[in-house]
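Take any residue in the sequence shown, note its place counting from 1, add 66, and you have its number in the numbering used here. Shown next, in structure tokens, is the structure this report addresses.
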Amino acid sequence: TVVCAVWHTASSDFSSDRRSVFCRGMKPIVELQRRTTPFPKPQALFVDGHTLWVSSRTTKHLYALERDSFAVTWETSVPDGMTPWGVTKVERDLFTVCGTDASEVDDRVIRRVVPRYGVDPDFRWACPEGMGSHLSHTGAALVLSQWYPKKLIFFDAAGVPVRTIDVGHGVVGHCFAQG
67 TVVCAVWHTA SSDFSSDRRS VFCRGMKPIV ELQRRTTPFP KPQALFVDGH TLWVSSRTTK
127 HLYALERDSF AVTWETSVPD GMTPWGVTKV ERDLFTVCGT DASEVDDRVI RRVVPRYGVD
187 PDFRWACPEG MGSHLSHTGA ALVLSQWYPK KLIFFDAAGV PVRTIDVGHG VVGHCFAQG
């Protein structure tokens, strides 16, 4: 498994002195298509074959979109008016980082979502230090990124943090290939 990190300054100048790359051999990003979501403020994104799983910061829903048409094929709200910040899929289930949409409060949790059913009312893992943004899966562990603490945290199947990587900078998003 290879983890790649790319970041740049707020400037629109993407010259080599303005960015850092932690993965040699990365190809430039090529925009193939630009689409508008059928809801405002998309946030989390997970691609699963022909389905895009996307959340909205405004509606506080998680949506299944048909990849070609962007038609909503299913949606669910997140309990307690929480915002779904990040999402990943493990086998048949989705996992999402949920929390309030307020800068002064950071009390985030990981919830399990069963597609076509909804949020599992019995599944709730507290994010370490109440913080978390995005999720991925290595094939063996669920991984949470934390922007301010600058960490990736790996969880076992019981929700216990088993490994932490201090990355030295905020992590906007991450993934594990073939995880």
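Glycine is no exception: its CB is placed at the ideal position from the N, C-alpha and C atoms. Since we're looking at a predicted model, the values are computed, not measured.
Run of the beta strand (DSSP E) containing residue i, from where it starts to where it stops
i, result
"residue 220", "217-221"
"residue 229", "227-232"
"residue 201", "201-203"
"residue 99", "From DSSP, residue 99 is part of no beta strand (DSSP E); its letter is neither H nor E."
"residue 8", "Here the chain has residues from 67 to 245 only, and residue 8 is not among them."
According to DSSP, residues forming a beta bridge with residue i
i, result
"residue 112", "119"
"residue 192", "175"
"residue 130", "119 and 140"
Selection from the options that minimises the alpha carbon distance to residue i
i, options, result
"residue 192", "143, 172 and 116", "172"
"residue 259", "151, 242 and 115", "Here the chain comprises residues numbered 67 to 245, so residue 259 is not present and cannot be evaluated."
"residue 225", "183, 242, 182 and 175", "175"
"residue 161", "133, 141 and 190", "190"
"residue 207", "200, 182, 153 and 229", "229"
"residue 246", "133, 242 and 195", "Nothing can be reported for residue 246: it is not among the residues displayed for the chain, which extend from 67 to 245."
"residue 241", "204, 235, 166 and 163", "204"
"residue 110", "143, 116, 163 and 194", "163"
"residue 141", "219, 220, 211 and 185", "185"
"residue 232", "223, 118 and 210", "210"
"residue 198", "183, 167 and 182", "167"
Counting Cβ pairs closer than 8 Å, one from the stretch 215-235 and one from the stretch 118-134, do we hit at least three?
-> no
Stretch-stretch touch, CB-based, cutoff 8 Å, three pairs: the stretch 94-101 with the stretch 139-152 = no
3 or more residues per run - each beta strand (DSSP E) lying fully within the stretch 132-186 | 138-143, 149-156, 159-165 and 175-180
Is there contact between the stretch 150-157 and the stretch 133-140, where contact requires at least three CB pairs shorter than 8 Å?
-> no
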